[in-house]
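Protein chains in written order, with our numbering: chain A, 169 to 548; chain B, 273 to 639; chain C, 933 to 1033; chain D, 132 to 298; chain E, 18 to 112.
No residue lacks a Cβ here, since even glycine has one placed at the ideal position from N, Cα and C.
Bear in mind that the values here come from a model prediction, so they are computed numbers and not experimental data.
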Amino acid sequence: MKYDAIIIGGGIIGASIAYNLTKQGMRSVAVFEKNYISSGSTGRCGGGIRQQWASPENCKLAVKSVHLFEKLDQELGFDTEYYQGGYLLLAFTDEEVEQFRKNVVMQQGAGVPVRLIGVDEVAAKFPFLDTSDLKAAAHCRTDGHINPMLVNQAYADAAKRNGADIHLFTEVVRIVRDRDRINSVITADVRTFETGVLINAGGGFSAEVAAMAGITIPTRPQRHEILITEPLEKFMDPMVIDFHHHIYFRQTKHGSVVMGYGDPHEPYTHNIQGSLEFLKTMSLMITKVVPAMKKVKIVRQWAGLYNMSPDAQPILGKVPGVSNYYQAVGFSGHGLMLAPAVAELMAELIVTGRTSMDISDLSIDRFAGRTEFKLEKAVV
Amino acid sequence: MALKINKCDILIIGGGPAGLEAAYHAAKAAPGLKISIVEENFLLGGQLIKQTHSFFGSKNQFAGKRGFEIAELLMDRVRKNPDIDIHLQTSALGCYEGGIVACESMAEGCLKEFQPGRTIVAAGARENMAPFPGNDLPGVFGAGAAQTLMNVYGVLPGRKVVMLGAGNIGLIVSYQLMQAGAEVLAIIEGLPMIGGYHVHAAKIRRMGVPILASHTVVRATGKSTLEEVEVAPIDKNWKIAGESTVFQADTLCLAVGLTPGTELLEQSGCRMAFVKELGGHVAWHNDRMETSRPEILVAGDVSGIEEASTAMLEGKIAGLAAAEGLSGLDLSDEISRAQQELAGIRKGPYGEKACLGKDKLCKLSVR
Amino acid sequence: MRIDKHPVLHFEKGRKVQFYFDGRPMTGHEGEAVTAALHANGVMVLSHSLKRRHPRGLFCAIGKCASCMMRVDGQDNVRTCILPLREGMRIETQEGKGRLK
Amino acid sequence: MNYKQSGVLTGEELRLPDNETLCRGKTIIIECVENIPCDPCETSCPKGAITVGGNICNLPKIDYTKCSGCGLCVAVCPGLAIFMAEKSPKGDWAEITIPYELLPHPKNGERVITMDRSGCDVGTGEIVRVTEFKKVQKSRLIVTVRIPAEDLNMVRHFRIAEGNHEQ
Amino acid sequence: MSSEQDRDIIICRCEDITEREVRECIRRHGLTTVDEVRKILRAGMGLCQGKTCSALVRRILAEETGKKAEDIGLPSARQPAKPVEFGIFLQEGDR
């Protein structure tokens, strides 16, 4: 069996690239997913979609993504629960306010409709928040959130309709490479599939996928824990991020509140066990910010992997020395929100060799010979 | 209230027949071990407290005594032992890294953390639901729920009842409903045979209750609560094969089997296996009730659906095995006596299923 | 529908207490499950389902199935089948999801 | 239809004592045809008339020569599957003793409607004895009903006719 | 037949999901596991966490995929085993 393109990973990145490749005319495209669609990081993520980033590259990509998200349900023919309820970033210290002020100027320059708002306005608009220690907040009304499982499935379904093969429960265990070319992949059930190009969309396992092709990439998996509450009548529109307490939360269309805590001391491992420590920390942090949560019930907790890159920004494109290997990895926890734009640009790169928006800053070359990186700070 | 950390040697999750016997025999065999029982309900005894029929078996399994009387005996000997502490209204929330079992005490409104040397999961089972239109109407109960209402709280679930399922639970609960003053209009069974003991069927048949084998509930209807149950004969492929009968009933009890409540075992990473004969997925375990994780044991319905007598014996074996592992005592004689007793009561045709299921499990590798 | 006389069982009931169901005063026995007290007072419909608004009643009676979630003393989504009745409890049919207060 | 389909034992499955045994005095009838793990009938019998044996799942065997008709096994049988029968030597009446766990409790001298194994009415009978072996089994009455001799193999239950029972 | 009689078969009581919806979802997306049905349709994601419906969903999946029920794996069991308030995880001073 031979494909023009094989994508490893059926998460949002893999599925959206598959869809965009078929949309841009590539005929035989296949996705290999060792489990099922959205079983990895995508189905475990918070589902936020924001444009408020600390680097112009991320902002540009995010703005493009939001434009695509706005038309996505229509394009894919599926209700993905996309909701532009805004994003509210909370600042509790003067340093944070200062950083927000700078970011807002940069973000506005990148076309993000964001503004800094005062505590009184926050208190009036978002009465569920405890604003007693709050200094200010940044709000962008066109940010929002989506149901990650649904949008991932919608991309996979659409790719399938366009002729792509989605191989579920099929793990690629070997990548056969001959000097600068990848020839084929071999699956756990010992089938060989030849390919024109190989795309690494391996998420938390991207480094392992690259290693099968003899390529070393600087991405590392990190556990992030998350939980969901009982459904509540709608009380909030925006997704809220609080870098000070390392938490984020949003209310889903269903009514339940999804929230996560990014432990700054979390080691790099593939461990995705839920911990009791997380429940305690999350409870402490969320009830500081939303005191009424004390009486709300937790229904489910889980964890997923952030695929961290050295500067917490994605690594896109080719690698030196391999002619037909592409990667879209290292999203560091924000792959879902960038997926529509990244997938479109990756497909352009693969099909035409050029991209309509410059993403060369995000290629792996940026790490060459460097040990210090400017970190994207707006990550929880 | 402050968080409570509880140190104990053996934590038993579930205060039903299996859990109570595990606690009693572990404490008796290895005095000094600290044993804790967590029970979600505000009563101990599990499903035994609502059993008013007398039990089969032999003297050792309290044969001839009624279920609630056995429950009292088991509770009594556990309560008398100072090494056993009992946490009522306390639910296990999860098994976490480091062997920590987190529980919520609803009575005290606090988190209780246990870090036991051994955990015996005796969490029981839950009733299966049946798919037919109207299956969510008020008045459609699990048969066990009807039993709880009438036998624990003295409240009649309804006056006119249709029972779905002619296994032991369906037959026994039908009889108990009649005892409590309700009228059982019919017992409906999808299979061509009555699944429960003949003596239970005979008891309810001679009271005039029809058992309709090869029949199914087509639909339940009613405005806001159940009013009618439509029943029809079915063929071997479960397709409707004749005219319907409509029963004017205010209660429909579902006695269509139980599923082991294995969530905590799955969370703990115990190896799970689907064994139809045991009621679905169960944790792999050996004849000492030890799972693939050496510090976790199982007993009772959670390890495979059977009945209270076998649950008690499995509890005893698990309790002894856990006590042996922690105390260093040699309890192998006592364990093998209990194993023989268990094998004895599984000998008849009604024990075949469980034997087959447990054999299947043993043949699987621990992995 | 209390069982007055039973051939096998003798019911030891807690003291009689008053409670409120949707504002209506009712009596039950202290310590019995809230759903048992409601059932004894003829209350079979405990809530309505989220999407289809089907009436819902007691189903498992042992705290497993979530069919008996009600508002108790202002608190939403309380499992009433394993909640002991207390004097003065205010039990309400919960329509819709819980609220953040 | 066999008993696994109907819940009702028929002639073939029943092992009833012969007429001579029945006329000799009270004789037990055990309607226990499945190998369920159970032995209280054996352990409760003061005369050793019932044997289950080493395997608890064996069916009980009755030695009619040893049975004294005390009725303890009727009171103890968890399956309510043991009855006691007696025929008058002349064959003009019979008595059937039935374990009973329902309300209202029957009283001596009361007329009842007799029922067969499938709950169908057979005829009428008169309650002649109501006992309770409290130590053996609380809340179970052992009720003896006098019936026409020809009904003996059929009657296994009775009900108190409405309006007939004095509270 | 009245509309009341025509009512759907409820599979997931918590999330109010019918048998028809489960079958349509399985067919539309080609699903083969209980976890997928949970994630796409929410059947089993409600307050009881699938304790009542998972076995029924497995049965439907078996019918739709032609597999045996035992070959359809267990859905993931996540903590907590029952809904629990944030408040109980707080230390006294934080409550």
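Notebook entry, point to check: Taking Cβ to Cβ, would you say VAL427/B is nearer than 8 Å to HIS980/C?
Noted result: no
Next item on the list: Would you tell me roughly how many angstroms separate the C-alpha atoms of ILE350/A and GLN495/A, rounded to the nearest one?
Entry: 13 Å
Item checked: Cβ neighbours of HIS961/C in the same chain (closer than 8 Å, five flanking residues each side left out) -> LYS945, GLY946, ARG947, LYS948, VAL949, ALA969 and LEU1017
Margin query: Classify LEU498/B: buried if its beta carbon has 16 or more other beta carbons within 10 angstroms, exposed otherwise.
Written below: Counting Cβ neighbours within 10 Å, LEU498/B comes out buried, since at least 16 surround it.
Check: Taking just the CA atoms, how far does ILE334/A sit from GLY277/A?
Finding: 40 Å
Item checked: Same chain only: Cβ atoms within 6 Å of ASN188/A, ignoring 5 sequence neighbours per side -> ALA511, GLU512 and ALA515
Notebook entry, point to check: Who are the neighbours of ARG40/E on chain C, taking C-beta pairs under 9 Å?
Noted result: Result: empty, since nearest Cβ-Cβ is about 17 Å, beyond 9 Å.
Item checked: Cβ-based burial, MET132/D [other Cβ within 10 Å; buried from 16] -> Classification of MET132/D: exposed, given that the 10 Å Cβ count is below 16.
Next item on the list: Report the three-state DSSP secondary structure of GLN469/A (helix, strand or coil).
Entry: strand
Next item on the list: Using three-state DSSP, classify GLY428/A as helix, strand or coil.
Entry: strand
Note to self: For a quick check, are the C-beta atoms of LEU320/B and GLY339/B less than 8 Å apart?
What the structure shows: yes
Margin query: One question on the structure: do GLN469/A and PRO100/E come within less than 8 Å of each other, judged by their Cβ atoms?
Written below: no
Checklist line | Where the alpha helix (DSSP H) through GLU80/E begins and ends | finding: DSSP places GLU80/E inside the alpha helix (DSSP H), whose first and last residues are 71 to 82.
Notebook entry, point to check: Residues in its own chain within less than 8 Å of ARG1011/C by CB, not counting five upstream and five downstream?
Noted result: GLY995, ALA998, CYS1000 and MET1001
Notebook entry, point to check: Whose C-alpha, out of LYS588/B, SER581/B and CYS634/B, is nearest the C-alpha of PHE334/B?
Noted result: SER581/B
Margin query: For the stretch 949 to 964 of chain C, list every residue whose C-beta sits within 9 Å of some C-beta in chain B, in sequence order.
Written below: HIS961, GLY963 and GLU964
Check: Can you name the residues of chain C whose CB is closer than 8 Å to the CB of LYS463/A?
Finding: Chain-ordered, the chain C residues with CB closer than 8 Å to the CB of LYS463/A read GLN1007 and LYS1033.
Next item on the list: Just the C-alpha distance for ARG347/A and GLY254/A, rounded to the nearest angstrom, thanks.
Entry: 48 Å
Margin query: Quick test of the definition: if touching needs 3 or more C-beta pairs under 8 Å, does the stretch 285 to 305 of chain B touch the stretch 136 to 149 of chain D?
Written below: no
Margin query: Does SER637/B pass the burial test, meaning 16 or more other C-beta atoms within 10 Å, or should it be called exposed?
Written below: By the neighbour-count criterion, in which a residue is buried when 16 or more other Cβ atoms sit within 10 angstroms of its Cβ, SER637/B is exposed.
Margin query: Suppose you measure from the CA of ARG478/B to the CA of LEU73/E; what does that come to, to the nearest Å?
Written below: Cα to Cα, ARG478/B sits roughly 35 Å from LEU73/E.
Item checked: Inter-residue spacing [alpha-carbon to alpha-carbon] between ALA492/B and GLY437/B -> 15 Å
Checklist line | Partner residues on chain A for LYS945/C, Cβ-Cβ distance less than 9 Å | finding: Contact annotation for LYS945/C against chain A: no contact, minimum CB-CB distance about 31 Å [criterion: below 9 Å].
Next item on the list: List the residues of chain A that LYS1029/C touches, going by C-beta distances under 7 Å, in chain order.
Entry: PRO399, LEU400, GLU401 and GLY423
Item checked: Reference PHE327/B; option with closest CA among CYS634/B, MET584/B and ILE512/B -> Residue MET584/B is the option with its Cα nearest to PHE327/B.
Item checked: ALA555/B versus CYS42/E - alpha carbon distance -> If you draw a straight line from the Cα of ALA555/B to the Cα of CYS42/E, it comes to about 30 Å.
Next item on the list: State yes or no: is the beta carbon of GLY480/B nearer than 8 Å to at least one beta carbon in chain D?
Entry: At a cut-off of 8 Å between beta-carbon atoms, GLY480/B makes contact with chain D.
Notebook entry, point to check: Which residues in chain B sit within 9 Å of ALA968/C, going by Cβ to Cβ distance?
Noted result: THR420, LEU421, VAL424, TYR425, GLY426 and VAL427
Next item on the list: Output yes if chain B places a C-beta closer than 8 Å to the C-beta of ILE98/D; else output no.
Entry: With chain D running from 132 to 298 in the structure shown, residue 98/D is simply not present.
Next item on the list: Report the partner residues of HIS980/C according to the DSSP bridge assignment.
Entry: PRO987/C
Checklist line | Start-to-end residues for the beta strand (DSSP E) that takes in ILE454/A | finding: Where ILE454/A is concerned, there is no enclosing beta strand (DSSP E), although the alpha helix (DSSP H) it sits in stretches over 444 to 457.
Notebook entry, point to check: For ILE229/D, does the count of other Cβ atoms within 10 angstroms reach 16, so buried, or fall short, so exposed?
Noted result: buried
Next item on the list: Check whether the Cβ of CYS997/C lies closer than 8 Å to any Cβ atom in chain E.
Entry: With 8 Å as the cut-off, CYS997/C counts as an interface residue toward chain E.
Notebook entry, point to check: Using DSSP with H/G/I as helix, E/B as strand and the rest coil, what is PHE252/D?
Noted result: Sequence inspection shows Asp at residue 252/D; the Phe mentioned does not correspond to that position. Here ASP252/D sits in strand by DSSP.
Next item on the list: Measure from the alpha carbon of ILE577/B to the alpha carbon of each residue in ARG398/B, PRO410/B, ASP559/B and CYS375/B, then state which is nearest.
Entry: Ranking the options by Cα distance to ILE577/B, first place goes to ARG398/B.
Margin query: Below 8 Å on the Cβ atoms is my contact criterion, and I expect LEU392/A with GLY501/A to pass it. Report the Cβ-Cβ distance as a whole number of Å.
Written below: Contrary to the premise, residue 392/A reads as His rather than Leu in this sequence. Their Cβ separation, rounded to whole angstroms, is 7 Å, which keeps HIS392/A and GLY501/A in contact under 8 Å.
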